[in-house]
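Here the structure is laid out as structure tokens; the discussion comes afterwards.
Residue numbers (the numbering used here): 3 to 164.
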């Protein structure tokens, strides 16, 4: 499967999100290995969605989140106590943060990040990891984007539950 971005510059934000979801779902259907799947999903997101400085995964390992496949600058390798990713993991809920600097206990892996969207990935009602998206812009993530990323994560959850 090849990522073809020719012409994507002519798409509006909603069309880009639809493209990302469709291409992501096609990738998920063709790869059952979790790490390979996440590696390609993070690349698709990072190359299709505008205004991101980081897109990737943290995986639950015992009592902490450990860095998984991602695109962007090097990141914190382990998260256990604080931060948006830990909150999404422990509360089993999506976290859409307009200004990460106002979030109590925010972990600044990249000082350029100003907003964040984190979605837990559940398999058999247990969080196995989170999809983490960072942007240098304040208030970057919309409810539409949250819904599109939920759709993508749901497809991952279904495949990983098999």
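A virtual CB, placed ideally from N, CA and C, is assigned to each residue, including glycine.
- Taking a cut-off of 8 Å on C-beta distances, the segment 121-131 touches the segment 90-100, as three or more cross pairs fall below it.
- Contact check for residue 136 against residue 112 passes: the beta carbons are separated by less than 9 Å.
- Fully contained in the segment 7-73 are the following beta strand (DSSP E) runs of length 3 or more, in chain order: 56-63.
- For residue 86, the enclosing alpha helix (DSSP H) covers residues 86-93.
- DSSP places residue 145 in the helix class (H, G or I) of the three-state scheme.
- For the 9 Å CB-CB criterion, residue 118 and residue 151 do not form a contact.
- In the DSSP assignment, residue 122 falls within the beta strand (DSSP E) that extends over 117-125.
- Residue pairing by DSSP places residue 99 opposite 118 in a beta bridge.
- A direct Cα-to-Cα measurement between residue 154 and residue 27 gives close to 7 Å.
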